[in-house]
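In the order they appear, the protein sequences are chains E and H. The opening residue of the first sequence carries number 2 in my numbering; numbering runs sequentially from there. The opening residue of the second sequence carries number 58 in my numbering; numbering runs sequentially from there. Glycine included, C-beta positions come from ideal geometry on N, C-alpha and C. The structure appears below as structure tokens.
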Amino acid sequence: METNMAKAIPSKRDKEAMLGELENLLASTFELVSPRPAYVKDLNRRLSNYPTPIPEISVPRIPREAVGIIVGVIGGTALIILGIRIMVPLIASLTALYGMRRDLQVEEASSTGFSDN
Amino acid sequence: MPDYNDDTALALAVQGDQEAFGVLYERYVGRIYNYVYYRTGNHHDAEDLTARVFYRAIRNIGNYQDRGLPLSAWLYRIAHNLIANWHRDRSRRPEILLDEGLAFYQTPEHPEVTLLQNEERERLLKMIRHLPPERQQLLILKFMDHLSNAEIGQVMGRTEGAVKSLYHRTLLSLRNDLGELIASET
């Protein structure tokens, strides 16, 4: 029984031999075929008469990450400049208001007869 | 025809030199033709598709970018894509397949022996044509073009190990198919 089963199931060596035979069969199956010489010649003639495309000027490619960094830096700089441009007049206005308020307080104090001294 | 090596001919062809392209054409037309022939199964379509491969190549050679792969890999990829389109078109409009009897070669052996061998080859080729396109491509490049696994990997865009594994699986699958066929005949 065991010997029959052993015969029925191909061993590793048998499998390798079978694959080797198959490889030999495949090697003999794919034989080189030659295209018709007239066809080869005619296609060559047609290709040599084919208008040659002008090679495209290659534009250097910038990686997407680099584009992101450049856009980020420019955008960030613009935001900082914009922020400064908003902050400068605001600070100036606040300073002016503070000065005016201080002047008013001094005037009020002098008109009521009180002074800091 | 000048005797350029592949690199020189390619560099000149990229610049629009038609003579250099002609050198490449003569060097590769046979290989591409064989590849297309074994993928389509007849000379008529092999001629048509081989012409289309080289027309596409001449149109795009100006944009060719050297990625360290041989030119043949580029041409085989063009051929592979065109054959995939061809199979898709055929499946959309079914037609009666006029099988030319692939690989019927007249050898000086005894006629009966030749006939049996041819029958066996034809049977195997029919079986191969029912394999997925990638497996067909692998077998043709290996047995017709005698490329190594590494070279096949360059053409197919796979690693050498992946090609080796695919090749082994293809052999096992073919062996099983052949076994079933023999069992059904007996």
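Cutoff 7 Å; reference residue 183(H); Cβ partners in own chain excluding five residues on either side: Taking the second sequence and counting its residues from 1, one reaches residue 183(H) at position 126. If the five residues before and after residue 183(H) are omitted, its C-beta is found closer than 7 Å to no C-beta atom of its own chain.
Let's test the definition: count the other Cβ atoms within 10 Å of the Cβ of residue 35(E) and tell me whether it reaches 16, buried, or not, exposed. As a position in the first sequence, residue 35(E) is number 34, starting the count at 1. Residue 35(E) should be labelled exposed.
With residue 213(H) as the anchor, note down where its alpha helix (DSSP H) starts and where it stops. Start at 1 with the first residue of the second sequence, and residue 213(H) comes out as number 156. If you look at residue 213(H), you'll find it in the alpha helix (DSSP H) that goes 206 to 213.
Starting from the beta carbon of residue 80(H), find every residue of chain E whose beta carbon is closer than 8 Å, and list them in chain order. Translated into positions along the second sequence, residue 80(H) becomes position 23. For residue 80(H), there are no neighbours in chain E by C-beta distance under 8 Å, as the nearest C-beta there is about 10 Å away.
Could you round the C-beta distance between residue 211(H) and residue 126(H) to whole angstroms and report it? I think they count as a contact, below 8 Å. Looking up residue 211(H) in the second sequence gives position 154. Looking up residue 126(H) in the second sequence gives position 69. About 5 Å; that satisfies the 8 Å criterion.
Run through chain H and tell me which residues come within less than 9 Å of residue 25(E), C-beta to C-beta. Stepping through the first sequence from its first residue, residue 25(E) is reached at position 24. At a C-beta separation below 9 Å, residue 25(E) has no neighbours in chain H, since its nearest C-beta there lies roughly 10 Å away.
Any residues in the segment 206 to 223 of chain H with a beta carbon nearer than 7 Å to a beta carbon of chain E? Which ones, in chain order? Residues: none.
In this structure, how does DSSP classify residue 59(H) when only helix, strand and coil are distinguished? Numbered from its first residue, the second sequence carries residue 59(H) at position 2. DSSP places residue 59(H) outside both helix and strand once states are collapsed to three, so it counts as coil.
Are the segment 69 to 85 of chain H and the segment 99 to 107 of chain E touching, with three or more C-beta to C-beta distances below 8 Å? Taking 8 Å as the limit for Cβ pairs, the verdict is that the segment 99 to 107 of chain E does not touch the segment 69 to 85 of chain H.
Taking the Cβ atom as the reference point for each residue, do residue 107(H) and residue 140(H) lie within a distance shorter than 8 Å? Within the second sequence, residue 107(H) is the residue found at index 50, counting from 1. Within the second sequence, residue 140(H) is the residue found at index 83, counting from 1. It is not a contact, given that the beta carbons lie outside the stated cut-off.
So, is the C-beta of residue 48(E) closer than 8 Å to a C-beta in chain H? The residue given as residue 48(E) occupies position 47 in the first sequence. The Cβ of residue 48(E) sits closer than 8 Å to at least one Cβ of chain H.
Cutting at 8 Å between CB atoms, please list the residues of its own chain near residue 223(H), excluding the five before and the five after it. Position 166 of the second sequence, counting from 1, holds the residue named residue 223(H). Closer than 8 Å at Cβ, skipping near neighbours: 191, 192, 195, 215.
Measure the alpha-carbon distance for residue 121(H) versus residue 71(H) and round it to whole angstroms. Here residue 121(H) refers to the residue found at position 64 of the second sequence. Here residue 71(H) refers to the residue found at position 14 of the second sequence. Looking at the backbone, the Cα of residue 121(H) and that of residue 71(H) are separated by about 7 Å.
Three-way DSSP call (helix, strand, coil) for residue 122(H) in this model: Along the second sequence, one-based indexing puts residue 122(H) at 65. Residue state for residue 122(H) is assigned as coil, using DSSP reduced to three classes.
List the endpoints of the continuous alpha helix (DSSP H) containing residue 100(H). Taking the first residue of the second sequence as 1, we reach residue 100(H) at position 43. Following the DSSP letters along the chain, one finds residue 100(H) inside the alpha helix (DSSP H) bounded by residues 100 to 117.
Hey, out of 238(H), 241(H), 231(H), whose CA is closest to residue 26(E)'s CA? Taking the first residue of the first sequence as 1, we reach residue 26(E) at position 25. Closest option to residue 26(E), Cα to Cα, is 231(H).
Give me the subset of the segment 31 to 44 of chain E whose CB atoms are less than 8 Å from a CB atom of chain H, sorted by chain position. When CB distances to chain H are screened at a threshold of 8 Å, the residues of the segment 31 to 44 of chain E falling below it are 31, 32, 33, 34, 35, 36, 37, 40, 41, 44, in chain order.
Give me, in chain order, the residues of the same chain whose beta-carbon lies closer than 7 Å to that of residue 95(H); leave out the 5 immediate sequence neighbours on both sides. Here residue 95(H) refers to the residue found at position 38 when the second sequence is read from its first residue. Once the five neighbours on either side are set aside, the close Cβ partners of residue 95(H) are 197, 201.
For residue 18(E) and chain H, any beta-carbon pair shorter than 8 Å? Walking along the first sequence from the start, residue 18(E) turns up at place 17. No, residue 18(E) does not count as interfacial toward chain H.
Closest Cα partner of residue 221(H) within the set 234(H), 236(H), 204(H), 67(H): As a first step, residue 221(H) must be located in the second sequence, where it is residue number 164. Minimum Cα distance to residue 221(H) is reached at 204(H).
With C-beta atoms as the reference, is residue 113(H) less than 8 Å away from residue 89(H)? Along the second sequence, one-based indexing puts residue 113(H) at 56. Along the second sequence, one-based indexing puts residue 89(H) at 32. Taking C-beta atoms as the reference points, residue 113(H) and residue 89(H) fail to come closer than 8 Å.
Within 10 Å of its beta-carbon, does residue 132(H) have 16 or more other beta-carbons around it, so buried, or fewer, so exposed? Locating residue 132(H) in the second sequence gives position 75, counting from the first residue. Per the 10 Å Cβ criterion, buried.
Beta-carbon within less than 6 Å of residue 92(H)'s beta-carbon, same chain only, minus the 5 sequence neighbours each way: which residues are those? For the purposes of this step, residue 92(H) is taken as the residue at position 35 of the second sequence. Close CB contacts of residue 92(H) within its chain, under the 6 Å cut and outside five residues either way in sequence, are with 136, 197 (chain order).
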